[in-house]
Amino acid sequence: MAERTARELDRLQPAPPAVRFFDAGMGDGTVLARVMRSMHQRYPRFPFYIAGKEISLEDVRLTLDKMPDRFLEHPETVLAITNISYAEAPWLSPAKPDARAGMVWKTVALKGDTTAEFERQILELQPFLAETWRTKVSAKTGSMIPETPAALILYREDCGFMLDEIIPRQNSPRADFDLILASQPFRLRAKTEFKASRVLAPLAKALRPGGRLLGIHSAGNDPGLEIIQKVWPNEDPFTTSRRTLIETTRTALGDLAEQFRFDPLPNSEALFRYEMHTLPDEIDSDSASIGTSTLLAAWNAAT
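Per the UniProt record's numbering, the very first residue in the sequence shown carries number 1; after that it's consecutive.
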């Protein structure tokens, strides 16, 4: 996914003061870190504003574990992480006044110029995250939602002067992203209208003129589906095509749709797959014993 996202960088037309990237669903930060490396290669001296949405405390911790290296290689970086909804996260601002008033906002200027120093200061944020990044079950939808809306902003103190215009401030919402990655930001079982109106259309509105939104979702027809059907015969959750999602998003945008170009791409460009790597002795014989980590990774990829 990171490689496919990186291909979009040559198509961007960023404008000062920064290249702005939003990761709609960071997960453990693996894709984000790799995209940031590609951004540095493509724009080595441009300031970056990197924002992401993630509700999972553990995934936020794993993402932050990968950031000391990013702050070292590309000092001109502002990182913003929030737990609010996809429709609100690009602006770092909840729509409801009471949620906006109760939002916890923390800005940290990282001191020093080594990864060890950055790592230590990021680790010191663990109590803040444990207190703030809590979740609860929505009585209305049954989904996990944050107990407290929150945003965490990180940047290097020695770059604060040049990044001042880029650092987000509470109650001064701005999106205007050059590139947004929406990688499976919704459940497969969610209604298509929900995916379009509550996720994809708001993300599209967060683009600056000339910005690009790249949507990625599972398509099935792979070993993962075989695993699912071994457990649940005749089950096929992959029923919504990219073309259906695009057309439903066009409808959700209403009159604003004429300001966007919608491109489902041909199969040769749109379809890609990744492969898991295992040791030969894990799978190549009848007596092979698959490692627990490999088994869990395969199940996670399938479901």
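All C-beta atoms, glycine included, are put in the ideal place defined by N, C-alpha and C.
Residue i, DSSP secondary structure in three states
i, result
"G211", "strand"
"L125", "coil"
"R156", "strand"
"K66", "coil"
"F260", "coil"
"E227", "Here residue 227 is Ile; the residue named in the question, Glu, does not match the sequence. I227: helix per DSSP, three-state reduction."
"M144", "strand"
"S218", "coil"
"R243", "helix"
"R61", "helix"
"A6", "helix"
"T249", "helix"
"R20", "strand"
Closest residue to residue i among the options (Cα-Cα distance)
i, options, result
"F21", "S38, I216, Y49 and G142", "Y49"
"residue 316", "T244, L92, P97 and T114", "This structure leaves residue 316 out entirely; the chain is present only between 1 and 303."
"R61", "L125, A89 and H74", "L125"
"V31", "E73, T5, T294 and Q259", "T5"
"L207", "R243, R198, I227 and L181", "L181"
"A2", "K136, L179, A95 and W105", "L179"
"F260", "S241, R243, G52 and L213", "L213"
"A33", "T77, P17 and L57", "T77"
"H217", "P16, L200, G211 and Q13", "L200"
"D164", "P44, E8 and A18", "A18"
"R37", "A15, D69 and D28", "D69"
"P185", "P233, R7, L203 and P146", "L203"
Nearest-angstrom Cβ-Cβ length linking residue i and residue j, presumed shorter than 8 Å
i, j, result
"P168", "N83", "With a Cβ gap of about 15 Å, P168 and N83 do not count as contacting."
"R242", "P264", "5 Å"
"G25", "K53", "6 Å"
"F46", "R156", "With a Cβ gap of about 15 Å, F46 and R156 do not count as contacting."
"T240", "T192", "5 Å"
Burial state of residue i (16 or more Cβ within 10 Å)
i, result
"M103", "buried"
"V231", "exposed"
"K140", "exposed"
"A130", "exposed"
"A116", "exposed"
"D23", "buried"
"G142", "exposed"
"K195", "buried"
"E269", "exposed"
Closer than 8 Å to chain C by CB, residue i
i, result
"L213", "In the displayed structure, chain C is absent; only one protein chain is listed."
Could you name each continuous beta strand (DSSP E) segment of 3 residues or more that falls completely within the segment 75 to 133, going from the start of the chain to the end? Entirely contained in the segment 75 to 133, the beta strand (DSSP E) runs reaching 3 residues are, in chain order, 77 to 82 and 104 to 110.
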